[in-house]
Structures are given as C-alpha cells and as structure tokens.
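Working notes for the structure below.
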Amino acid sequence: MSAPARFKDLCLDARDHQSLADWWCAALGYVRSSPSGGTERDPAWPVPIKDPSGTGPLIWFNPVTEAKTVKNRMHLDVVGDTAALLAAGATLLRARDGEVDWDVLADPEGNEFCVFSPRD
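Counting from 43, one number per residue, gives the positions in the sequence shown under our numbering.
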C-alpha cells in the first residue's frame, strides 16, 4: 500500500521573509533558488532557498503580516556551531544540560530550532 502523501518542502512564515531567507542561507550554506524560467519574482512572493549540493530540503519563506506569538508546533533540527549562530543573530532559549544534549535557539523572527553538535 502506498502512502497518501510524501514530503516535499519546508515552509516558514516570516514578517520580513526576504531578510529571514538570507539569514537561513547564511546559517545553512543554502542559496536562493531561481524561479522556474529564471524570471524575477515580485519581492512580495515567497522566497525559496535550496541546498546547493541538492541533499537538503527546499525551504520556503512565506510573507505574513502577523508576528510570531506562540511556540512552534514543528521546528528544525540542525547540526552546527551554536556560538556562530548566536553571533549571527540567533537567540539562546535553552542551553544543553543534563536533560537535553542540544541547544534550543530562535532565529531572528523567533522560530525555534535545535542545534546538535557534529558528533551527535
């Protein structure tokens, strides 16, 4: 029996979707994805970013007018350098401790994500 759905992309809402797309590009080493046909899109259109190696998922940044107000029900897990992400503008929400082996950070718009050490 085949599944009724398959994973396609990740989507994040953002008040400043252009800026947040650039932040995540820098954080993940992603690049903006060219629209099909190579034509420029209206700056109000959602921004797709992609892993240049082709191994990671496509991530869309969708413009919204409202600010984030509650904890995300879904979040990203990344392998990386917490100090570098904090220096780039992330916020530490919870440091790894005796209960968890990862740091919980928030991107510049408050979206939570977990950072694991490369050895994890």
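Note that beta-carbon positions come from the ideal geometry of N, C-alpha and C, so glycine has one too.
Identified DSSP bridge partners for W102: C53, P90
Selected residue, minimal CA-CA separation from K92, among R136, D51, L127: D51
In chain order, each alpha helix (DSSP H) run of at least 4 residues that lies wholly inside the stretch 109-143: 124-129
Top-ranked residue by Cα proximity to H59, from R48, E108, L134, G71: E108
Own chain residues within Cβ distance below 8 Å of L147, not counting five before or after: T124, L127, L128, A132, T133, L134, L135, E154, F155, C156, V157
Residue from G96, G140, R138, V89 with nearest C-alpha to R74: V89
Endpoints, beta strand (DSSP E) assigned at D145: 145-148
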